[in-house]
Amino acid sequence: MTLVRNMVRPALAGLTALLLSAGISQAEVPALQAAVDAGTLPAMADRLPANPRVITPVESIGTYGGDLNLALRRGDGTHLLRLVGYEGLFSWDLGWKEMLPNLAESYEVNEDATEYTFTLRKGVKWSDGSPFTTADIAFAYNDLLKNPDWLGARPDYIAVPDDTTIEVVDDFTYKVKLAKPNGLYIFQLTNVDGTQLALFNKAYCSQFHPTYNPNANADAVAAGLADWRALFEQKCAEMGGEQRWMNPERPVLEAWMVETPPTATAEFSIFTRNPYYFKVDTEGNQLPYLDRLNFAMSNAGPDMILRAMNGQVDFQDRNINPASQKPLYLENAEKGGYHLVDEVPSNMNVMLVMFNQTVSDPVLQEIFSKKDFRVAMSLATDRQEIIDTVYVGQGQFHQAAPRPESKFYDESLATQFTEYDLDKANSMLDALGLEKRDGEGYRLRSDGKRLSINVETFDTARPDWVDNLELLKAQWQKAGVELLVKVVDRNLVDEHRRANLHEMHVWGGDGGLDVVAAPHYYMVASDESAFGVPWYYWFNDNAAPGAVEPPDSVKKQRELYDQLVQTPTTEGQDALMKQILEISKDDFYVMGISLTGKGYAVVKNNVHNVPPSQPAAYTYPTPGPMQMAQIWKSE
């Protein structure tokens, strides 16, 4: 084995060892003192691991006690995942640049990135006091992620289960062996999906698994469920949805554990401190500082916005911060006793436009597949009108391209074809053989039909997209292209995209900062690459129903990305990603409107250790890396 990176932080580890081994007695958490005195809970020194993770507070060492008041939209398990559930083997630093040891203490990797050896922190405990060991990791790998019968999702690092094997060395050391090199393995474990490996307490969850309980199916039927998989999902759900937070009996490794689940009828969901949480501050105080998290349950964003504006939430950055509301927040800040902090979004665009180059209509497919058509429609788009009308003048012209804050930023990629030039757009469309028009001025296709493009969107989470499309409809009419906008349920939009039933698709611009992790608008990388979903299916299985062989440039990007994944150095990965972006620039698959502006979070003035700025992304996942456990409240 060749040591590439050992992730132990000697200074912080040494500080913790000094505090604990020197016998310096840290004050017990006040809320836990009675249980310690009664002998029902071990003392703090016995609850912590030998080498706790040390968190340097953003602002100051905190004081214990108090509740953090938040708002939660019903069914939004992602919000809970971001706030409470980001505890993997590794975690991002606050700047989204460095991968830090978390539940893992260190790792080693061989030269070709096919074998990784991990060492866990000794003495980490689940919320029920049971030890967290490699047995829990092996259970997650072998009995769940590699089990075709399990209902959960498979993250990137085990997309092909048979390509990964795990060898347990001892209680705190294990090896992962890969069939082919993966230089992004630690990167993938640090992203939000990496938490899957540290989510399942084997001692508890195995009782619902047929490998360990022969009666698992019978138990499920007795509970009124179809089989063991449904019962397992109920008791030990995977990372993503709200079901994960419905079982208070489930042991966890997070700072707070659910006490009152966020059910569909609950008015409040309550989380209480985990007495065995494995992190301390720089003075050796066990985290978290706060005793409880109180979530006021809501059905809609407007209710949450009103609650935040009235000063009824202590910290909130989700479902309450549209750009249009920022002036009102600032106006009410003094009355509400709060301030705003910045969040730099990973999204690089307020709305992306994707013409489906694999659409079933052969005439539309021929039109959409021509780069000059896509360029013409970009030139026919008056971005300034959209920015002024929908985004109150906040924005700047931007294509599907990495954000200016990214190391992959390319000004020419970001700004190409963004000028409004209707004359040039019309000239280019004429040159494509679309010069004939009907009585209403719309262009005619080669089969004599009107050039009409259907697009579906939804108005629940993104009403601005409906407004944008209505403006595009009027703008493109001047170029002789008819846009037919239909507002439908979000699930239908997703269903039609995956089934390749869409003609045009619009979505937000993932991948502005997390370029390597979310490249699906720069290349065909998932079924979110709506400009060629059947191409994505072809890469997975070229004989699959609905699969279509992609053009050579699309294949070339996929080859480059496969090389990137197998490259063990960041420098090599970056060079390959830049080649992928160059092809994206040349082919111009996706059209953008405007760079997404900075977001914001609402923070009460007596809430401490919230940074003045942080990245905002799901893969990050905001605000998890800021370490919610170090937040505290003053009177």
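Going by my numbering, the sequence shown opens with residue 65, and the numbers climb by one from there.
The beta carbon of each residue, even a glycine, is placed where N, CA and C say it ideally should be.
Check                                                                                                                                 : Outcome
Glutamate 699 in three-state terms, based on DSSP                                                                                     : coil
Sequence-distant residues of the same chain with beta carbon closer than 6 Å to histidine 566, five excluded per side                 : Asn420 and His560
Limits of the beta strand (DSSP E) - the one that threonine 183 falls within                                                          : 179 to 184
Pairwise C-alpha distance: asparagine 255 and proline 685                                                                             : 7 Å
Cutoff 7 Å; reference leucine 496; Cβ partners in own chain excluding five residues on either side                                    : Lys434, Asp436 and Phe437
Inter-residue Cα distance where the pair is tryptophan 160 and leucine 394                                                            : 28 Å
Residue closest to valine 122, alpha-carbon to alpha-carbon, out of Met692, Ala267 and Phe182                                         : Met692
Beta-carbon contacts of aspartate 131 that lie in its chain and below 6 Å, excluding the five residues immediately before and after   : Arg356 and Asn358
Leucine 687 classed as buried or exposed, judged by whether at least 16 other C-beta atoms fall within 10 angstroms                   : Checking the displayed sequence, the identity of residue 687 turns out to be proline instead of leucine. When all chains shown are included, proline 687 counts as buried.
The stretch 343 to 350 / the stretch 200 to 220 touching (three or more Cβ pairs under 8 Å)                                           : no
C-beta atoms of glycine 596 and valine 579 nearer than 8 Å                                                                            : no
Inter-residue spacing [alpha-carbon to alpha-carbon] between serine 85 and proline 106                                                : For serine 85, the predicted model reports a pLDDT of 42, less than 50, meaning its position is unreliable; a value from the coordinates is still stated below. Distance between the alpha carbons of serine 85 and proline 106: 17 Å.
Cut-off 8 Å between Cβ atoms - residues of its own chain near glutamine 458, not counting five sequence neighbours on either side     : Ala387, Ile451 and Gly661
Coil, strand or helix - valine 416 by DSSP                                                                                            : The sequence given here places leucine at residue 416; valine does not occur at that position. Reduced to three states, the DSSP call for leucine 416 is strand.
Collapsed DSSP secondary structure at alanine 681 in the structure displayed                                                          : coil
C-alpha distance - glutamate 483 paired with glutamine 643, whole-angstrom precision                                                  : 25 Å
Endpoints, beta strand (DSSP E) assigned at asparagine 358                                                                            : 356 to 362
6 Å CB neighbourhood of glutamine 252 in its chain, flanking five on each side removed                                                : Asp220 and Tyr221
Which of helix, strand or coil DSSP assigns to methionine 692                                                                         : helix
Three-state secondary structure (DSSP) of tyrosine 221                                                                                : helix
Whole-Å CB distance - leucine 44 paired with leucine 498, under 8 Å assumed                                                           : Absent from the structure is residue 44, since the part of the chain shown begins at 65 and ends at 699.
Segments of 4+ residues assigned as alpha helix (DSSP H) that fall wholly inside the stretch 193 to 278                               : 198 to 202, 249 to 254 and 266 to 269
Asparagine 604 versus leucine 477: straight-line alpha-carbon distance, rounded                                                       : 28 Å
Lysine 299 beta carbon less than 8 Å from that of phenylalanine 335                                                                   : no
Range covered by the alpha helix (DSSP H) that runs through asparagine 490                                                            : 486 to 493
Run of the beta strand (DSSP E) containing tyrosine 353, from where it starts to where it stops                                       : First-last for tyrosine 353: undefined, no H or E at that position.
Three-state secondary structure assigned by DSSP to isoleucine 125                                                                    : coil
Methionine 368 versus Ala114, Asn133 and Glu613, residue with shortest Cα-Cα distance                                                 : Asn133
Exposed unless 16 or more other CB atoms sit within 10 angstroms - verdict on asparagine 279                                          : exposed
Supposed close pair phenylalanine 154, alanine 204 - CB separation, criterion 8 Å                                                     : Wrong, their Cβ atoms sit about 15 Å apart, outside the cutoff.
Coarse secondary structure for lysine 542, derived from DSSP in three states                                                          : coil
Exposed unless 16 or more other CB atoms sit within 10 angstroms - verdict on glutamate 398                                           : exposed
For valine 557, the nearest candidate out of Val545, Asp531, Val519 and Lys542 (CA to CA)                                             : Val519
Proximity to valine 377 [Cα-Cα], best of Ala665, Ser170, Met690 and Thr683                                                            : Ala665
Complete runs of the alpha helix (DSSP H) confined to the stretch 436 to 479 [at least 4 residues]                                    : 447 to 454 and 475 to 479
Contacts around valine 423, its chain only, beta-carbon distance under 8 Å, and the 5 residues preceding and following it disregarded : Gln429, Phe432, Asn564, His566 and Glu567
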